[in-house]
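Let me begin by presenting the structure, written as structure tokens, before commenting on it.
There are 2 protein chains.
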Amino acid sequence: MLGIAVKQKLRILLKPVKVPKVRVNPAQEELREFTKRPRIQDVAALVNVSLGTVSAVLNGNGRVSEKTRQRVQAAIDQLGYRPDLYASNLARRETRLIGVVVSNLQNPFFAETAQALEEEAALHGYQISLMATNFAPEQHRAAIEHLLKARIAGLAVMTSEQDEASRQLVIQSGVPAVFLDGSKAEANASVVHVDSRRGMQAAVEHLLQLGHRDLLFVRNSQNGGSHPLLSHKLRDRGFAAAIRLGKVTGIMTSVVDFDGPGADAGERAIASIYGKTYFSAVIAITDTVAMGVYRGLQARNVRIPADVSVVGFDNISFSRFLSPPLTTVDVPRKELSRLTVEALLRKGHARVLSLSTSLVLRDSTAVPARETNPGGIEM
Amino acid sequence: MLGIAVKQKLRILLKPVKVPKVRVNPAQEELREFTKRPRIQDVAALVNVSLGTVSAVLNGNGRVSEKTRQRVQAAIDQLGYRPDLYASNLARRETRLIGVVVSNLQNPFFAETAQALEEEAALHGYQISLMATNFAPEQHRAAIEHLLKARIAGLAVMTSEQDEASRQLVIQSGVPAVFLDGSKAEANASVVHVDSRRGMQAAVEHLLQLGHRDLLFVRNSQNGGSHPLLSHKLRDRGFAAAIRLGKVTGIMTSVVDFDGPGADAGERAIASIYGKTYFSAVIAITDTVAMGVYRGLQARNVRIPADVSVVGFDNISFSRFLSPPLTTVDVPRKELSRLTVEALLRKGHARVLSLSTSLVLRDSTAVPARETNPGGIEM
DNA sequence: CTGAAAGCGCTTACAG
DNA sequence: CTGAAAGCGCTTACAG
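Chains as they are written, first to last, in the working numbering: chain A, 16 to 394; chain B, 16 to 394.
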């Protein structure tokens, strides 16, 4: 009681000294009128409650009576009020943003993954902030630094390349993160492990069962192969394991690896090997590589699958529209994004998530026809 | 002088009442240690200058001596300080963010456009915030509202669909905007006009010169065609104008239009018309539609271009990898993004920007071979 | 050239 | 259940 009395006295005393310097910039006021951007205090004034109350109904804190909440909500609707992103994030010290970094938007696999993540995040009231690395370590790091600066609630690193320095930044930041095909779960960094091995194995088995014995494995690398892509390593291993487990003898495998975007690399791979090494089937490490393989083969009048069978990996949406439709290994993007977002929002300790892959049979594989001359080699 | 004296007195009086409630949350302090996120005041303290000075060097305001600026910069580097996005945007009342809304990330045209915009924006120190509408009016509006809420510095609406209500929101907001193929420039809303007509005309001329007289124009629509895509309208008109200007008589044109993603629509178009209407060449309204046309044709053993020629529109990166490589009309994404970002940052009045298109000749077009039975009709 | 302070528009203990 | 006030981390007139 005393406190209040003193306070009131002080206020009176204060008046002449501490003139409340309300910077009423008339231009600004006009601008506000013009842009019609209501603030939380406009809502509060309309309903005659305090800012805190409006904030409580906005954020669903239950400490508001139903009556008040309805009146506030009505005012919000009436004014078309939407909280300012920057003010609320600053005050809250956290965002509803999930950072997503992918390697390359032009590769449909990443575009589709990003879209799936966006949809999944939206289900939880989160948005995504998307950045691409183009496989460059500097861009990779810059993207992660920016995202960390933006105080993201979670980070999904869905790149096929890895960058250890960036990973350390993420771990130091403490931000919940999920790395696609990351090597290990640690602290705040979970890992989604795509079981490429199983899918690859199914693909190889399929070809072996058809009778193929001469397989060409076409890969692409980025940046001169200085940073081998982890997903590719896993697919490599899957390929090798599948051959081993195939219980078939007399298998001959060749591997070609070119640098650059998948389609270019695939095309160059065929150009380089055609006529030198015999193969009746090609396994492309991604669907985009398979597109290039198609191009390389068809430019040489090699028919798919009559002369050479082709299998891809990823099941991008276009793979169905190639001629012939591509047999490929499906990496379930929906499931990937569901698991990722869930792991990010759970905020528990790092975990290893698993995702299985499956073979999608279409028209690019068939029984080998050795009487033709597929690899350009006389038999 | 008097004022100050009174103030000091008051301070003394105040002390017992108004204890400075410095909320020193020890956990928070530890967190700060842990996350090692330095604030501007950490930098200021290190160099022994005020916050304003640090801010000035951060933002390149020239009112700092070279000596000071160097010392501050050194401290910034040493601490690894990066300004908090939310605090600076809130204080500045503006962002360095360009909102980009596209129709669909899965369509390479949009993915490539988004990527080009990101690169262009980065050149000016801006970042992009990317949202997809999936051609749905509600999503379109939601995306624009979100972006406006985030106080973007500029907005690039690179969708093929239009939404008048959203456009009004943008105009009311006063945010500099660029609409792809928008109908008119107005207030803050500029327009990039892609000269589809010229490209379409080149495509039609090319086919007429080859000797084609029976043309099939394949389009796709979205959402049941309730909101015809503006870019498509322009391409339609370009097609019609080209036929008119072709100075060739005896041209027979057919048009098919299906709803849905381009590739699906293209495939269904062929399925629906094949055997009913004769055509020796197809013009697809986009490259993705052309992909579906390829599929539809090739599934019926129609050879491209021996039996039927195909021309696409957009020149997406994959068009080169189709079998055969697709002849298409190039829409220069680099130039598009350059013009767009420039218009956004210039902040002048609305302008109409123009972009020309050009025909890219590849292997999907050839002289018509009437002796075969391309359209499935007996001649 | 530099510093102190108000303000951006919210959220959240805290007090009632 | 509700309100007043401090604080988030910056920027920017303003005063010196």
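Glycine included, C-beta positions come from ideal geometry on N, C-alpha and C.
The structure displayed is predicted, hence computed values, not measured ones.
When rounded, the separation of the alpha-carbon atoms in residue 91(A) and residue 169(B) is 26 Å. Per DSSP, residue 67(B) is one residue of the alpha helix (DSSP H) stretching across 66-73. As for any beta strand (DSSP E) of minimum length 3 sitting wholly inside the segment 352-385 of chain A, the runs are 367-371, 373-375, ordered along the chain.
For residue 281(B), the uninterrupted alpha helix (DSSP H) run begins and ends at 277-288, by DSSP.
For residue 215(A), the closest of 243(A), 297(A), 315(A) by C-alpha to C-alpha distance is 297(A). Excluding five sequence positions before and after residue 191(A), the CB atoms of its chain that fall closer than 6 Å to its own CB belong to 169, 203, 359, 362, given in chain order.
Going by DSSP, residue 104(A) is part of the alpha helix (DSSP H) stretching over 100-107. Sequence-ordered contacts of the segment 311-328 of chain A with chain B read 313 [C-beta pairs closer than 7 Å]. The CB of residue 88(B) never comes closer than 7 Å to any CB in chain A; the least such distance is about 18 Å. The DSSP-derived three-state label of residue 169(B) is strand. For chain A, the residues of the segment 325-353 of chain B that bring a beta carbon within less than 7 Å of one of its beta carbons are 332, 333, 336, 338, in chain order. Cβ-Cβ distances below 7 Å link residue 257(B) to 215, 216, 219, 220 in the same chain, with the five nearest sequence neighbours on each side left out; the list follows chain order. Its Cα nearest to that of residue 139(B), the residue 111(B) stands out among 111(B), 152(B), 151(B). Rounded to the nearest whole angstrom, the CA to CA distance from residue 159(B) to residue 165(A) is 21 Å. Contact annotation: residue 306(B) and residue 333(A) have beta-carbon atoms nearer than 8 Å. Around the CB of residue 108(B), fewer than 16 other CB atoms lie within 10 Å, so the residue is classed as exposed. Residues of chain B with a Cβ closer than 8 Å to the Cβ of residue 166(A) are, in chain order, 99, 100, 101.
Residue burial is scored here from C-beta neighbours: residue 182(A) has at least 16 other C-beta atoms within 10 angstroms and is therefore classed as buried. The CB of residue 309(B) comes closer than 8 Å to the CB of 336, 338 in chain A, given here in chain order. For the C-beta of residue 144(B), the chain A residues within less than 8 Å are, from N- to C-terminus, 144. Here DSSP, grouped into helix, strand and coil, assigns residue 80(B) to coil. Our two residues, residue 103(B) and residue 142(A), have alpha carbons roughly 21 Å apart in a direct line. DSSP places residue 187(B) within a helical segment (H, G or I) once states are collapsed to three. Under the Cβ criterion of 8 Å, residue 129(B) is counted among the residues facing chain A.
Where residue 246(A) is concerned, the enclosing alpha helix (DSSP H) starts and stops at 245-260. In the same chain as residue 345(B), and ignoring 5 residues on each side of it, the C-beta atoms closer than 7 Å to its own belong to 330, 372, 373, 375, in chain order. Relative to the Cα of residue 379(A), the nearest Cα in the group 322(A), 353(A), 364(A), 365(A) belongs to 322(A). Distance from the CA of residue 83(A) to the CA of residue 93(A), rounded to the nearest whole angstrom, comes to 15 Å. Looking at the backbone, the Cα of residue 354(B) and that of residue 365(A) are separated by about 45 Å. Here residue 303(B) is buried. Its C-beta has 16 or more other C-beta atoms within 10 Å. Taking the C-beta atoms as reference points, residue 121(A) is found no nearer than 8 Å to residue 133(B).
By the neighbour-count definition (other C-beta atoms within 10 Å, threshold 16), residue 68(A) is a buried residue.
In this structure, the alpha-carbon of residue 259(B) lies about 32 Å from that of residue 150(B). Here residue 153(A) carries a helix assignment [DSSP, helix/strand/coil].
DSSP places residue 239(B) within a helical segment (H, G or I) once states are collapsed to three. For residue 104(B), the C-beta contacts it makes with chain A under 7 Å involve 101, in order along the chain.
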